[in-house]
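Have a look at the structure below before the remarks.
There are 2 protein chains.
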Amino acid sequence: MTEHVPVKGLQRSQLSNRTGCNIETIRYYENIGLMPEPPRTSKGYRLYDETHVRRLRFVLRSRELGFGINEIRGLLDLVDRKCQTCAEIQERTKPHLAEIRAKISDLRRIERLLARTIAQCSGEDVPECPILDALAA
Amino acid sequence: MTEHVPVKGLQRSQLSNRTGCNIETIRYYENIGLMPEPPRTSKGYRLYDETHVRRLRFVLRSRELGFGINEIRGLLDLVDRKCQTCAEIQERTKPHLAEIRAKISDLRRIERLLARTIAQCSGEDVPECPILDALAA
DNA sequence: TCTTGAGCCTGTAGTTGCTACAGGAGTTAT
DNA sequence: ATAACTCCTGTAGCAACTACAGGCTCAAGA
C-alpha cells in the first residue's frame with residue numbers, strides 16, 4: 001500500500017540546482033515572505049513547482065541588478081496586483097538606477113585617489129610610504 | 001581642595017566633533033580593538049588626546065577608501081610595528097584597488113542593463129512592462 | 001540648595017542579506 | 001540492517017555599524 005506515484009514537484013535541492021540559489025537562501029526568502037510557503041508532503045517536505053522557479057528567478061535577477069529586498073518586495077507586489085503599468089514600474093526603477101550611478105561615481109573617485117597614491121609609492125624597501133601619509137593626512 | 005585644573009583631553013563628543021565620526025562608532029572601534037582604550041577620569045569618563053584624533057582619522061579615511069575593518073587592522077599593524085616599507089604597504093593596497101575596479105565594472109554592467117531596460121519602457125499607462133519581462137526572463 | 005538637562009557610562013538588540021551549524025527524522029542504496 | 005544522504009527546525013554568526021534602555025555625573029539656573 002505504499003505510494004508508488006512519484007511525488008510531483010521539486011525538492012529544495014532541485015529548486016536550488018535549477019536556479020543556482022543557495023539552498024538556505026531559499027528558506028530565508030520564505031521566512032521573510034519574499035517567496036511563498038510551498039505545499040508539503042505528508043512528512044513535511046517542501047514541494048515546489050514551476051511558479052516557484054519563475055518567482056525565484058525573478059528575485060535572483062533583481063538582486064543581481066542590485067535591488068534590495070524591500071525594493072523587490074515592491075516589484076513583486078506590482079506583479080501580484082496585476083495592475084502594474086509601465087509608469088509605475090519606471091517610477092520604482094529609475095531611482096534605483098540613480099543610486100547605482102551614484103555608487104559608481106563614488107567608487108571611481110576612490111579608485112582615482114588610490115591609484116594616484118599607489119603611483120607615488122616607490123615600492124622599494126624604504127621605511128616611508130606616501131600611502132600611509134595620505135591615509136594619515 | 002577641589003581640582004581647578006581643567007581636565008585635559010577630549011571627551012567622546014569632542015572627539016566625535018573633531019573627526020565627524022559617530023559617537024557610538026568610536027566606542028565600537030574600541031570594542032573591536034581598532035582604537036585603543038583611552039585613559040579615564042576618576043569617574044570613568046574617557047579622555048582622548050591628539051594621538052586618538054590622528055588614529056581615528058586614519059581609520060575613517062581608510063574606511064572611506066573602502067578598506068574593510070580587517071584590512072585597516074593590517075595597515076595599523078604596519079604603522080605600529082614601525083617597520084613598514086613601501087613594498088609591504090603596496091602589497092596590501094594593490095589587491096584592494098583591484099577589488100574596487102572589479103566592483104566598478106560589475107556596477108557598470110548592471111547600470112547598462114538597467115538603463116537599456118528602462119529605455120525600452122514606454123512609461124505609459126499600459127499594463128505590460130519590458131522591465132518586468134526582463135526581470136522574469 | 002535643589003533641580004533640570006545634557007552628556008557620560010554599560011550592555012544589548014536591531015539592521016541587511018544571507019550562511020552555517022546542531023540535532024533530529026525520513027529516505028535510498030547496498 | 002546499516003550507512004549515507006537529504007530533509008526538517010531553530011538559532012547563531014558575519015560585516016559594520018546604529019540605537020536604545022537604565023543608570024551616573026556634572027554644570028548651571030532658580
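Protein chains in written order, with full-length UniProt numbering: chain A, 1 to 137; chain B, 1 to 137.
Cβ atoms here follow ideal geometry from the backbone N, Cα and C, with glycine treated the same way.
Review point. What residues are listed by DSSP as bridge partners for Tyr-48 (chain A)?
Key: A:Leu-10
Check your understanding: Name the chain B residues whose beta carbon is nearer than 7 Å to that of Arg-63 (chain A)?
Key -> Result: empty, since nearest Cβ-Cβ is about 10 Å, beyond 7 Å.
Point to revise | Residue-level contact to chain B via CB, Pro-6 (chain A), 8 Å cutoff | key: For Pro-6 (chain A), the predicted structure reports a pLDDT of 47, less than 50, and the residue's modelled location is therefore unreliable. A value from the coordinates is still provided. Chain B, which has no Cβ nearer than 8 Å to the Cβ of Pro-6 (chain A), makes this no.
Review point. Cα-Cα, which of A:Pro-36, A:Ser-105, A:Ile-110 is closest to Arg-108 (chain B)?
Key: A:Ser-105
Check your understanding: Nearest to Thr-51 (chain B) by alpha carbon, out of B:Pro-36, B:Ser-62, B:Leu-65, B:Arg-61?
Key -> Out of B:Pro-36, B:Ser-62, B:Leu-65, B:Arg-61, B:Pro-36 has the C-alpha closest to the C-alpha of Thr-51 (chain B).
Exercise for review: Could you check which residue in B:Glu-64, B:Leu-75, B:Leu-65, B:Ile-69 has the C-alpha nearest to that of Glu-30 (chain B)?
Suggested key: B:Ile-69
Review point. Relative to the ligand HEM, is the shortest distance from any of its heavy atoms to the C-beta of Ile-104 (chain A) smaller than 7 Å?
Key: Ligands displayed in this structure: none; no statement on the ligand HEM is therefore possible.
Check your understanding: What separation, rounded to the nearest whole angstrom, lies between the Cα atoms of Ala-134 (chain B) and Arg-57 (chain A)?
Key -> 11 Å
Exercise for review: Kindly list, in the order they appear in chain A, the residues whose Cβ is closer than 7 Å to that of Lys-94 (chain B).
Suggested key: Within chain A, the residues near Lys-94 (chain B) are Ile-118.
Check your understanding: Going by other Cβ atoms of all chains shown within 10 Å of its Cβ, with 16 needed for buried, is Ile-23 (chain A) buried or exposed?
Key -> exposed
Review point. Whose C-alpha, out of A:Gly-44, A:Arg-81, A:Thr-19, A:Ala-87, is nearest the C-alpha of Glu-64 (chain A)?
Key: A:Thr-19
Review point. Is DSSP giving Thr-2 (chain A) helix, strand or coil here?
Key: Residue placement at Thr-2 (chain A) cannot be trusted, given a pLDDT of 39 that sits under 50; what the coordinates show is reported in the next sentence. Thr-2 (chain A): coil per DSSP, three-state reduction.
Review point. For the alpha helix (DSSP H) that Gly-74 (chain A) lies in, which residues bound it at each end?
Key: In the DSSP assignment, Gly-74 (chain A) falls within the alpha helix (DSSP H) that extends over 69-81.
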